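Residue numbers 561 to 1151, in the working numbering, belong to the letters of the sequence shown in order. By construction, the Cβ of each residue, glycine as well, lies at the ideal position given by its N, Cα and C atoms. Bear in mind the structure is a predicted one, so any value in this text is a computation, not a measurement. The structure appears below as structure tokens.
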Amino acid sequence: MRDNFIKNCYKKILAADSVYDIAIVSPTQFAPKLSSKLGNHLFIKREDLQPVFSFKLRGAYNKISKLKNIKHIVAASAGNHAQGVAMTCQKLRLQSSIVMPLTTPTIKVNAVKKLGSKVILSGDTYDEAYNFAIKYAKENNYNFVHPYDDLEVIAGQGTIAIELINQLEEHPDYVFIPVGGGGLLAGMSVYLKTINPKIKVIAVEAEDSACFNLAYKNGKPTSLKHVGIFADGVAVKKIGSKTFKLTKNIVDSSITVTTDEICSAIKELYDETRVIAEPAGALSLAGARKYILSNKIKNKNIATILCGANMNFDRLRHVSERADIGESSEIILGVTIDEKPGSFKKFCSIIGKRAITEFNYRYSDSKDAQVFVGIKTTKGIDEKRDIIKKLKVNNYKCHDMSNNEMAKLHIRYMVGGICKEINDESIEAIVKNCREITDLNLDSTQITNVGVTALAKAYPLLASLIIGDSDINDDALPIIANNLPDLTSLSILGTDIEGETLQGIEKKWGKLKSLNLNCTLITDSGLKYILKNCPNLTFLSIEETDITDAALADIAHHCPKLETLNLESCNITDAAQEQLRAVLPYCRIIR
561 MRDNFIKNCY KKILAADSVY DIAIVSPTQF APKLSSKLGN HLFIKREDLQ
611 PVFSFKLRGA YNKISKLKNI KHIVAASAGN HAQGVAMTCQ KLRLQSSIVM
661 PLTTPTIKVN AVKKLGSKVI LSGDTYDEAY NFAIKYAKEN NYNFVHPYDD
711 LEVIAGQGTI AIELINQLEE HPDYVFIPVG GGGLLAGMSV YLKTINPKIK
761 VIAVEAEDSA CFNLAYKNGK PTSLKHVGIF ADGVAVKKIG SKTFKLTKNI
811 VDSSITVTTD EICSAIKELY DETRVIAEPA GALSLAGARK YILSNKIKNK
861 NIATILCGAN MNFDRLRHVS ERADIGESSE IILGVTIDEK PGSFKKFCSI
911 IGKRAITEFN YRYSDSKDAQ VFVGIKTTKG IDEKRDIIKK LKVNNYKCHD
961 MSNNEMAKLH IRYMVGGICK EINDESIEAI VKNCREITDL NLDSTQITNV
1011 GVTALAKAYP LLASLIIGDS DINDDALPII ANNLPDLTSL SILGTDIEGE
1061 TLQGIEKKWG KLKSLNLNCT LITDSGLKYI LKNCPNLTFL SIEETDITDA
1111 ALADIAHHCP KLETLNLESC NITDAAQEQL RAVLPYCRII R
């Protein structure tokens, strides 16, 4: 039965030549730099050159072009399948609606809209969007096109393997295929293993969305408890039943890669091709690099798939920061040094002639300084061990944070802890000695309303202000509102503010985009008074507060431009959340 299922899929792949009504035969490019670096003959299948910058239109067109009596097409997608469906429907002059997760990069959402499809944003993951799309299609009697678990879709993706074999002089020894729901893996592996069982097919997944790996271990499709969204194009909770049935006995191995390794692969692809791959698009190379180095493979023909290049420009900074760690050319350490002049110079002399890539530090006390430091390396793990050993020999407390996701995302911005020595008198010294300040972080200090008053009057052009775990109360809010009209970002964390003192005060923060009131005593009515001053807010966080359902109506009314709302650990019902989504459909809600 299994062999018949695979044979049927293989026949459908051979019959899927209609994809070339819309797709190109993408080139397979030899990568000289990567080949030299990895000691193998490495090739890149350039699916980023498709009209929608992704392979997904192959499967979408192959499926939809074969449907009869179509009323309306519905699809669920994290972005690339959506564009494939939208372009197909545009070409075939069909109406379509695409349900996309709220976390979908803007570049993909806008691309779908430009192709003429209706976009519906629902849920924070693909699976939540999928469930909504199924319900929407059923209620309206529309045709639903699955992004991966459909034989015609799988066959369309399988045409990539036909091209790959035709374009290479010799059959590849290894083919590394990125996996989300498994459509590309199924289509390519069925064709490759049918024509040459000796070709090794390696499935590559992001380690925080490895649904195929989990299914492979359990022998059946199994839902992940949590799905990471950095590689949004493969952020799938459960592998498809058809895709797993096709692949479970023919895929040779499965490998997972970290966010850092994906970022490193994006950088390597840019160096090789001058193309910026999206995270899912770089997955194949990240897996190939890791597999080659782990298994010490040499002089083999390696095929990778650059499967997409729909990257949001604003993500590049994050990619750049993490790429060096991914290729073991940077280490991240947490180190305690003396809080006195000359300490940093001494630290640098111990680590030798190495570049400091990052040095985060916040004054905490007069004895010790906690620093978060990045150090450039060239010799990988052995060099890291040598640096840490030298620091410990010289009596430095040192913690390796190179593989600590929490440290890289959060601790680097929080290092230093509570600073009890910063109080209202310190504020007087700041005001006396600093003429202009536009960004000010007073987290974990002993500042009171008196200090806030002095700062607000001294720096009316302040754009960003953070006050956390301090001794301020509600009386500080009118002071900030009346004196700091240019604020674009305001965070008041872990304080006793309720918001009630802003009653009657409106539209003071017209430029404010980001507001964080986590762990405060904010009330429903107090939040309403605050929001009346923030008509252009795009980000609001009220995590761990006593806000109730009643506040969501005020958020919907006063924040029409809101893009992200953090409601973690708040007593909000699902019904109230859905009502808010109906008013603010493009707002991402974090629960």
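- CA-to-CA, the gap between residue 714 and residue 1138 works out to about 34 Å.
- In this model, residue 737 and residue 1112 are separated by some 44 Å (Cα to Cα).
- Comparing alpha-carbon positions, the option among 606, 589 and 663 lying closest to residue 1147 turns out to be 663.
- The DSSP-derived three-state label of residue 734 is strand.
- By the C-beta density criterion, residue 854 is exposed, having fewer than 16 other C-beta atoms within 10 angstroms.
- Look at residue 958 here: in three-state DSSP terms it is strand.
- Nearest C-alpha to residue 1130 among 1095, 1082 and 1098: 1082.
- Under the three-state reduction of DSSP output, residue 855 falls in the helix class.
- Where residue 585 is concerned, there is no enclosing beta strand (DSSP E), because DSSP gives it neither an H nor an E.
- Between the stretch 703-718 and the stretch 660-677 there are fewer than three C-beta pairs closer than 8 Å, too few to call the two in contact.
- Linking residue 746 to residue 804 through their CA atoms gives a straight-line distance of about 8 Å.
- The continuous beta strand (DSSP E) containing residue 933 extends over residues 928-936.
- Its Cα nearest to that of residue 675, the residue 654 stands out among 581, 1087 and 654.
- Taking all protein chains in view, the Cβ of residue 623 is crowded by 16 or more other Cβ atoms within 10 Å, so the residue is classified as buried.
- Note that the stretch 599-608 does not touch the stretch 571-579; fewer than 3 beta-carbon pairs, one per stretch, sit closer than 8 Å.
- Cβ-Cβ separation between residue 583 and residue 740: approximately 19 Å, too far for a contact (criterion under 8 Å).
- Burial is judged here by how many other beta carbons sit within 10 angstroms of a residue's own beta carbon; residue 806 has at least 16 and is buried.
- Excluding residues up to 5 positions away in sequence, 890, 892, 917 and 918 lie with their Cβ nearer than 6 Å to the Cβ of residue 934 in the same chain.
- Boundaries for residue 684: no beta strand (DSSP E) harbours it, and the DSSP string shows neither H nor E there.
- Here the C-alpha atom of residue 769 lies approximately 42 Å from the C-alpha atom of residue 909.
- The beta carbon of residue 625 lies closer than 8 Å to those of 578, 581, 648 and 652 in the same chain, with the five residues before and after it left out.
- Residue 1041 is positioned such that its CB atom lies no closer than 7 Å to that of residue 1009.
- The beta-carbon separation of residue 947 and residue 911, rounded to 6 Å, stays under the 8 Å limit for a contact.
- In this structure, DSSP gives residue 1105 a state outside helix and strand, which the three-state scheme calls coil.
- Inter-residue distance for residue 844 and residue 1070 is about 46 Å (C-alpha atoms, whole angstroms).
- In the structure shown, residue 868 adopts extended strand secondary structure according to DSSP, grouped into three states.
- Residue 1134 carries a helical assignment under DSSP once its states are collapsed to helix, strand and coil.
- Minimum Cα-Cα distance from residue 1115 among the listed residues 1141, 1018 and 1134 corresponds to 1141.
- Residue 601 is bridged by DSSP to 861.
- Note that the C-beta distance between residue 991 and residue 1014 is below 7 Å.
- Closest in alpha carbon position to residue 1126, among 1075, 660, 869 and 1061, is 1075.
- Contact check for residue 852 against residue 598 passes: the beta carbons are separated by less than 7 Å.
- In the structure shown, the three-state DSSP call for residue 759 is coil.
- Residue 703 sits in a strand when the DSSP states are folded into three classes.
- Assigned with DSSP and collapsed to three states, residue 1150 falls in strand.
- Non-local beta-carbon contacts of residue 712 in its own chain, meaning distances under 7 Å to residues more than five positions away in sequence, involve 572, 622, 623 and 626 in chain order.
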